[in-house]
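Enquirer: Take a look at the following structure, please.
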Amino acid sequence: MPMPAEAPLPPISRRHTFNVVFGGLLVFAWIALWLWERSPYGRYLNHAELGGFGHDPQSVSVLTQAALYIAGWLLMTTAMMLPTTLPLLDAFRRMTARREDRHHLLALVIASYLGVWLAFGIAAHLFDLGLHEAFEHVRWLQENPWIFGAGPLLLAGAFQFSKLKYRCLDRCRAPVGFVIQHWRGGNAAVQSLAIGAHHGLFCIGCCWALMLLMFAVGTGSVGWMLALGTVMAIEKNVSWGRRLSTPLGVALLVWAAAIALNHAWTWQ
Numbered sequence: 507m508p509m510p511a512e513a514p515l516p517p518i519s520r521r522h523t524f525n526v527v528f529g530g531l532l533v534f535a536w537i538a539l540w541l542w543e544r545s546p547y548g549r550y551l552n553h554a555e556l557g558g559f560g561h562d563p564q565s566v567s568v569l570t571q572a573a574l575y576i577a578g579w580l581l582m583t584t585a586m587m588l589p590t591t592l593p594l595l596d597a598f599r600r601m602t603a604r605r606e607d608r609h610h611l612l613a614l615v616i617a618s619y620l621g622v623w624l625a626f627g628i629a630a631h632l633f634d635l636g637l638h639e640a641f642e643h644v645r646w647l648q649e650n651p652w653i654f655g656a657g658p659l660l661l662a663g664a665f666q667f668s669k670l671k672y673r674c675l676d677r678c679r680a681p682v683g684f685v686i687q688h689w690r691g692g693n694a695a696v697q698s699l700a701i702g703a704h705h706g707l708f709c710i711g712c713c714w715a716l717m718l719l720m721f722a723v724g725t726g727s728v729g730w731m732l733a734l735g736t737v738m739a740i741e742k743n744v745s746w747g748r749r750l751s752t753p754l755g756v757a758l759l760v761w762a763a764a765i766a767l768n769h770a771w772t773w774q
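First residue of the sequence shown? That's 507 in the numbering used here, and the numbers climb one at a time after it.
Listed below in C-alpha cells is the structure:
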C-alpha cells in the first residue's frame, strides 16, 4: 500500500524551523571565530599581520595565507552581517513558502549575499596590503603611524552624514518591498541570486565604512566584531535605528580627532 504524502508544515512550524537553522548558523560562526582567535592561526583574523604577508615563519605558502585571510573575512561577515538580513530572508521565505525548492532558493539568496561581501573583503584586503607595503617604503608613514588609526575612524564618521549612506540604508530597511521589486518571475534560481546580490550591494553601500573599522581595531577582536555587528543590525532593523547614525558619526569623528590631538601633543 503506498505511503500517504507527507503533509506540509504549517506556517508557524516553517518559521520555527527557519529560525532554528538560521540561529544555528550564526552560533556556529561566532563560536568558530572565538576558537579561531585563540588558535595558532588567530593572526590571520588580524589585519595588522598583513604586513608580513608572504613571509610566514612557518613556511606557509602565500596561497594558503591568502585563503586563511579570506576564510576569516567570510566567517566574520557571516557572523556580523548575516543577522542584519533576517527581515529580508524572512520576507523571501514567506514569499516562496509554497514552492518545493524554497530551501534551495533561500540558500542561493544567502550565498549571493555573502559572495558580494566576500568580493568587497578581497578588495579591502588588497587595499590594506598596499597600505602595509607603502608603510614599509614611505618614511613619513613610518613616522606617523597614527594615520592608520585616525584615518578609518575619520572616514567612517564622515560617511555617517552622507546621502549615499541613507539612500542605501532606506533600501535595506524595506525588505518586503525590496523582495517584491526584485522577484520578477522567470528563472527562480537566477532571481534568488539577484536578490541576495542586490541586497548585498545596498548593504555594503550603507555599512562599508563601519566594516573598514575592523582594519583599524583588528579583526582578531571578537568583542569589536560583536559591537560593530550590533550597531549595524540596529541601524538596519530596529525602528529607531536610523537615529543612531548621527551620534555614532559624531563619536567616530571625536575619536579620530582625539588620536590626532594626542599625536600632536606627544610630538610637541
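Where is the CB? At the ideal position from N, CA and C, for every residue including glycine.
Since the structure is predicted, the reported quantities are computational estimates derived from the model, not experimental observations.
1. Which value, in whole angstroms, describes the spacing of the CA atoms of residue 728 and residue 568?
2. Could you give the residue range of the alpha helix (DSSP H) that holds residue 667?
3. Thinking residue 714 and residue 654 are a contact (beta carbons under 8 Å), I'd like their distance in whole angstroms, please.
4. Mind checking residue 610: buried by the 16 CB within 10 Å criterion, or exposed?
5. Return the CA-CA distance between residue 667 and residue 710, expressed in angstroms with no decimal places.
6. Just verifying my parser: in three-state terms, what is the DSSP assignment at residue 531?
7. So the alpha helix (DSSP H) residue 681 belongs to, where does it begin and stop?
8. If you run the structure through DSSP and keep just helix, strand and coil, what is residue 490?
9. Between which two residues does the alpha helix (DSSP H) harbouring residue 575 extend?
10. Among 663, 751, 542 and 735, which has the Cα closest to the Cα of residue 675?
11. For residue 525, does the three-state DSSP call read helix, strand or coil?
12. Nearest to residue 678 by CA position, among 690, 630, 708 and 665, is which residue?
13. What residue from 673, 643 and 634 has the CA that sits closest to residue 657's CA?
14. Using beta-carbon positions only, say whether residue 603 and residue 731 come within less than 8 Å of one another.
15. Ordered along the chain, which non-local residues of its own chain (more than five positions away) have a Cβ less than 7 Å from that of residue 673?
16. Closest to residue 592 by CA distance: which of 696, 705 and 575 is it?
17. Can you give me the Cβ contacts of residue 760 inside the same chain, cut-off strictly under 7 Å, excluding the 5 residues immediately before and after it?
18. Once DSSP output is grouped into helix, strand and coil, what is the label at residue 692?
19. Are the C-beta of residue 702 and some C-beta of chain D separated by less than 8 Å?
20. Is residue 736 buried or exposed, if buried means 16 or more other CB atoms sit within 10 Å of its CB?
21. Please say whether residue 598 and residue 612 have beta carbons closer to each other than 8 Å?
22. Throw me the rounded Cβ distance for the residue 550 and residue 631 pair, which I believe falls under 8 Å.
23. Once you ignore the five residues that flank residue 662 on each side, which residues in its own chain have a CB closer than 6 Å to its CB?
24. Using the three-state DSSP reduction, which class does residue 775 fall into: helix, strand or coil?
25. Using only the alpha-carbon positions, how far apart do residue 689 and residue 700 sit?
Expert: Here's the rundown:
1. 25 Å
2. Element bounds for residue 667: n/a, residue is neither H nor E.
3. Contact flag wrong, Cβ pair sits at about 18 Å.
4. exposed
5. 16 Å
6. helix
7. 681-688
8. Beyond the ends of the chain as shown, which are 507 and 774, falls residue 490; an answer cannot be given.
9. 568-586
10. 751
11. helix
12. 708
13. 634
14. no
15. none
16. 705
17. none
18. coil
19. Protein chain content of the structure displayed is limited to a single chain, and chain D is not contained in it.
20. exposed
21. yes
22. The pair is not a contact, with the Cβ atoms about 11 Å apart (cut-off 8 Å).
23. 715, 716, 719 and 758
24. Because the chain here runs from 507 to 774, residue 775 falls outside it and cannot be looked at.
25. 9 Å
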